[in-house]
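So the protein lines, in turn, are chains A and B. In terms of this note's numbering, the first sequence opens at residue 1 and continues consecutively. In terms of this note's numbering, the second sequence opens at residue 1 and continues consecutively. Taking it in order: structure first as structure tokens, then the write-up.
Number of protein chains: 2
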Amino acid sequence: MAAADHKIGWVAVDWGTTHLRATAVDNRGRVLAQRQSDDGMGRLEPGAFEAALVNLIGDWLDGESLPVICCGMVGSRQGWAEAPYRAVPCTPVGDVPVQAPARDPRLRVWIVPGIRQSTPPDVMRGEETQIAGFLSGAPGFDGVICLPGTHSKWAHISAGEIVSFRTFMTGELFEALSEHTVLRHSVDSSAIQDEPFLGAVDRVLSRPEMLAGDLFTLRAAHLLCDQDATASGSILSGTLIGAELAAARPYWLGQDVVIIGATGLSENYQKALAAQGVDARVVDGDEMTLAGLSMVMSELKETTH
Amino acid sequence: MAAADHKIGWVAVDWGTTHLRATAVDNRGRVLAQRQSDDGMGRLEPGAFEAALVNLIGDWLDGESLPVICCGMVGSRQGWAEAPYRAVPCTPVGDVPVQAPARDPRLRVWIVPGIRQSTPPDVMRGEETQIAGFLSGAPGFDGVICLPGTHSKWAHISAGEIVSFRTFMTGELFEALSEHTVLRHSVDSSAIQDEPFLGAVDRVLSRPEMLAGDLFTLRAAHLLCDQDATASGSILSGTLIGAELAAARPYWLGQDVVIIGATGLSENYQKALAAQGVDARVVDGDEMTLAGLSMVMSELKETTH
């Protein structure tokens, strides 16, 4: 292998509210290195993005101007540069990303725009890139993509476009309930037990109107019956994922469903859907982000050369 | 009026997780003074309760041993002394409260026990005293009492007993969502607008399965449509109170409902119930606590004299 093969061709950056993750890629699409830091959008002032990036990957930069393709909250109004939302129905990432101003001549930075929907109002930043990554390997896909997480997304995909989508605050709700309410004394979220988890999913799907009453029961069951905190955490997770599935039913019912996300969480969604008779495939989230950013990089090359 | 009329006969204490409120009462039942502090159960070590009380009302104590009747979380395992739960069905406060150890000879302290339920598991501490207070003025009441708050309670009352009850974490959920999630940027909870509030109540009651999808819509509507933060706060409140009403429907449907609580919040519940055709009465929460503690004090006098 020639030395030129190990030269960094471009950098893929996944830049969310709480994390900054950079991947060095060569011109043949091979990953050379990966680094991350806690310099998410949420902790950076508007002028601090370039310094945070250089701080993380400065030694990857040489004299030449290196392309950096970013996705996520870095493109929000509070980010490095606003990459205005594109409106559904639309392809996930469009043709040309938005260029962000960089003083360092060793950098040329682009940001993938997010997606918006008017009715009901909804937005995404970052997931569109994962969807693009998935579609680059499955161009004919017609179905539904679920992206579980802090703000889970469900997107209906047809003819290469995002037709509609919905966001559910499931992950953030779980965190708020298990850390900032009385449930913090009763809930352990470090592991999921299938039986209480699936029981709770089923209960909410069949009796969604009872949801509000099921939460304090976890606290009382701890006080009165010494209910195990892992079981309670599993029930809380099942209750909230079940509430998401109840509201997202028009998305998954009778559809071809793909789950893009982190392994453990994706598998919980897969189990919950399987109990409803839906056989969903799981695809790795980080891989899809990289695939999506690679697609944007390829199109950028075609445009600029 | 003779000087003896102004002598403190006993002290009523409402001691919750976040507050300590003491009322000096004369032997004719008249309120002489009221004081409160932030020395709630949550911030006190087990041995610190007596000092916190003396710190607040020390100058009310003279040489004689003054009866102090407490209700609330002060009777929990982490409180001054555990006042074990009584099980439903039962009268709200029973016959004799639990005596708490006090070193100061100027004090004799009693704590009203809480109530528990096995199926579904549930507990209350403090609300039983308010229910007793209400029943002392309406002994023949047969119906449902709603006590809205951090942990809202719904209790079915018949023949002077609490037959069953349920707790909903509505207030705490509102706080967790509006302070510890992305909604904190989009929600103002300082005032409630009737139209968005009642619209949200109605939506959850008619489509409870859509609840999980309605939360992030508040954030997106702020970003895309610049939706007013007070309207969003009203929708969030209506959504959570609506979810409580959906789960508590077996309690209020076709029942005589009394709401015991703080004025503003109680009125919101009253409006939400009125839209469902339920004409609920509102009764002041602090007054009911005092009435309940007064009843306990009277029975204690009869027992000890």
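All C-beta atoms, glycine included, are put in the ideal place defined by N, C-alpha and C. Quick caveat: nothing in here was measured; it's all calculated off a predicted structure.
Check this for me: beta carbons of residue 83 of chain A and residue 75 of chain A, under 9 Å apart or not? yes
9 Å Cβ cutoff, residue 217 of chain B in contact with chain A: yes
Among B:8, B:202, B:175, which residue has its Cα nearest to the Cα of residue 190 of chain B? B:175
Closer than 7 Å by C-beta to residue 230 of chain A: which residues in its own chain qualify, once you throw out the five before and the five after it? Chain order, please. 188, 191, 193
C-alpha gap between residue 209 of chain B and residue 239 of chain B, whole angstroms: 12 Å
Evaluate residue 55 of chain B with the Cβ neighbour count: other Cβ atoms within 10 Å of its Cβ, from every protein chain shown; 16 or more gives buried, anything less gives exposed. exposed
Any idea what DSSP makes of residue 3 of chain A, helix, strand or coil? Low confidence applies to residue 3 of chain A: its pLDDT is 47, below 50, so where it sits in the model is not reliable, and the reading given next is rough at best. Three-state DSSP puts residue 3 of chain A in a helix.
Nearest by alpha-carbon distance to residue 275 of chain B: which of B:178, B:288, B:204 is it? B:204
Taking Cβ to Cβ, would you say residue 236 of chain A is nearer than 9 Å to residue 227 of chain A? no
Could you tell me which whole beta strand (DSSP E) segments of length 3 or greater appear in the segment 74–149 of chain B? Runs found: 98–100, 107–111, 115–117, 122–124, 143–147.
Would you mind listing the alpha helix (DSSP H) stretches within the segment 178–244 of chain B that are 4+ residues and don't spill past its ends, in chain order? 194–206, 211–225
When the Cα of residue 127 of chain A is compared with those of A:33, A:262, A:298, which residue comes out closest? Looking at the Cα atoms, A:262 is the closest of the given residues.
Hey, does residue 182 of chain A have any beta-carbon neighbour from chain B nearer than 9 Å? yes
Where residue 267 of chain B sits in the DSSP three-state scheme: helix
Using a Cβ-Cβ cutoff of less than 6 Å, which residues in the same chain neighbour residue 61 of chain B once the five nearest sequence positions on both sides are dropped? The answer, listed in chain order, is 106.
What residue does the alpha helix (DSSP H) around residue 249 of chain B start on, and which one ends it? 249–252
Could you give the DSSP three-state label for residue 23 of chain A: helix, strand or coil? In the structure shown, residue 23 of chain A sits in a strand (DSSP, three-state: E or B).
Cα-Cα separation, residue 271 of chain A to residue 22 of chain A: 31 Å
Compute the Euclidean distance between the alpha carbons of residue 102 of chain A and residue 72 of chain A, then round it to the nearest angstrom. 18 Å
From the DSSP output, in three-state form, read off residue 57 of chain A for me. helix
Do residue 10 of chain A and residue 80 of chain A have their C-beta atoms within less than 9 Å of each other? no
Note the first and the last residue of the continuous beta strand (DSSP E) segment covering residue 46 of chain A. Run containing residue 46 of chain A: none; DSSP gives neither H nor E here.
Where the segment 182–212 of chain A meets chain B: residues whose CB sits under 7 Å from a CB there: 182, 208, 209, 210, 211, 212
The beta strand (DSSP E) with residue 14 of chain B in it runs from where to where? 10–15
Going by CA-CA distance only, name the one from A:111, A:172, A:171, A:90 that's closest to residue 67 of chain A. A:111
Going by DSSP, what residue range makes up the beta strand (DSSP E) through residue 167 of chain B? 161–168
Under 8 Å from the C-beta of residue 128 of chain A: neighbouring residues of chain B: The contacting residues do not exist; residue 128 of chain A stays about 15 Å from chain B at best.
Find out if the Cβ-Cβ distance for the pair residue 292 of chain A, residue 52 of chain A is shorter than 9 Å. no
By Cβ distance, which residues of its chain are closer than 6 Å to residue 182 of chain B, with the 5 residues on each side in sequence left out? The residues are 219.
Nearest to residue 99 of chain B (by Cα), restricted to the options B:50, B:89, B:134: B:50
Using the three-state DSSP reduction, which class does residue 275 of chain B fall into: helix, strand or coil? Three-state DSSP puts residue 275 of chain B in coil, outside helix and strand.
Could one say the Cβ of residue 1 of chain A lies closer than 9 Å to chain B's Cβ atoms, at least one of them? The predicted model places residue 1 of chain A with a pLDDT of 40, which falls under 50 and marks its position as unreliable; any figure quoted below should be read in that light. No, because no Cβ of chain B sits closer than 9 Å to the Cβ of residue 1 of chain A.
Cβ neighbour criterion (16 or more within 10 Å) applied to residue 27 of chain A: exposed
For residue 34 of chain B, collect the residues of the same chain with a Cβ closer than 8 Å to its Cβ; drop the 5 residues on either side in sequence, then sort them by chain order. Excluding sequence neighbours, residue 34 of chain B sits near 21, 22, 23, 24.
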